[in-house]
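Residue numbers (the UniProt record's numbering): 1 to 264. Just so you know, even glycine gets a beta-carbon here, dropped at the ideal spot from N, CA and C. Just so we're clear, the structure is a prediction, and the values are computed from it rather than from any experiment. The structure appears right after this line, and notes come after that.
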Ligand SMILES: NC(=O)c1ccc[n+]([C@@H]2O[C@H](COP(=O)([O-])OP(=O)(O)OC[C@H]3O[C@@H](n4cnc5c(N)ncnc54)[C@H](OP(=O)(O)O)[C@@H]3O)[C@@H](O)[C@H]2O)c1
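Right, here's the structure in full:
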């Protein structure tokens with residue numbers, strides 16, 4: 001099978017104002033991608049758009065708003081239609097988390113995390129499917145997490161949202177194969193972004209196991225681009241993430257016992 005060409009593709013990147021989304025947007029910019037960038041923080045998005053242009057992309061379209069707003073999702077679809085070109089790539093990257101025990105947390109915490117990380121992501125994808133259908137070699141890149149393979153305490157809502165994203169990606173991959181849209185799952189482990197300062201709720205300063213060593217977001221983005229080009233179904237960047245996913249698959253009982261130490 002030939003490699004997927006990403007040069008000059010038209011792509012939507014959600015959560016492009018920082019971290020992994022910013023790094024993926026800039027890696028695509030180096031391939032002169034036409035970018036539609038979205039997130040809530042306008043200033044940060046403008047900085048990323050300017051840097052993308054400096055790296056070779058045509059002037060990106062910036063669409064500011066909350067992914068959970070149906071109006072924002074429609075504006076993203078409209079932005080694609082305004083270009084008169086099909087959508088080649090949808091990068092579903094926006095995400096949030098919280099730290100603390102489920103029993104002590106609010107219903108709003110569960111609702112927000114599932115909405116941003118799963119429901120609104122799926123709804124944006126529903127709008128994007130007809131726009132992707134006209135492209136030569138279209139793909140959807142869903143940014144999951146190793147915690148979509150294995151739930152851990154103090155992160156229950158986040159783990160559930162990423163497990164949902166993973167299962168939905170598998171189902172969608174089969175549903176969209178017939179129309180030639182590929183669905184790829186990116187499964188990062190800890191990544192050195194501002195993710196942990198953006199938590200929507202934090203019941204303790206530090207998780208019981210501390211902060212594991214993370215990868216730079218640029219390395220995660222490079223793995224994502226390479227995996228897309230090589231038509232991988234799932235991309236797991238770095239050895240730590242690979243070991244975690246393998247242990248989750250092969251030794252769930254051992255993982256259960258290890259995790260129990262960190263419960264309430
Ligand atoms: N960092 C890690 O260790 C790690 C590990 C595995 C997976 N991931 C996943 O990687 C993805 C990116 O996270 P990151 O590490 O790059 O963290 P980040 O720097 O906090 O980036 C999250 C992005 O999502 C956007 N976002 C959050 N809520 C939003 C909302 N309601 N509407 C629109 N945009 C929203 C943020 O933009 P605004 O604030 O400007 O809206 C930001 O651009 C997430 O899906 C995360 O779950 C991260």
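Counting only residues of its own chain and dropping the five nearest sequence neighbours on each side, residue 181 has a CB closer than 6 Å to the CB of 132 and 138. Taking all protein chains shown into account, residue 81 has fewer than 16 neighbouring C-beta atoms within 10 Å of its C-beta and is therefore exposed.
Per DSSP, reduced to three states, the secondary structure at residue 34 is strand. Segment contact: the region 225-244 against the region 8-21, fewer than three CB-CB distances shorter than 8 Å; contact not assigned. The residue from 2, 140, 23 and 4 with its alpha-carbon nearest to that of residue 191 is 23. By the Cβ rule, the region 206-225 counts as touching the region 183-197, because three or more pairs are nearer than 8 Å. Between residue 165 and residue 92, the CB-CB gap stays under 9 Å. A straight-line Cα-Cα distance of about 13 Å links residue 121 and residue 183.
Contact check for residue 262 against residue 207 passes: the beta carbons are separated by less than 9 Å. Counting only runs of 3+ residues, the beta strand (DSSP E) found wholly inside the region 162-245 occupies 182-186, in chain order.
Not one heavy atom of ligand 1 sits closer than 8 Å to the Cβ of residue 140.
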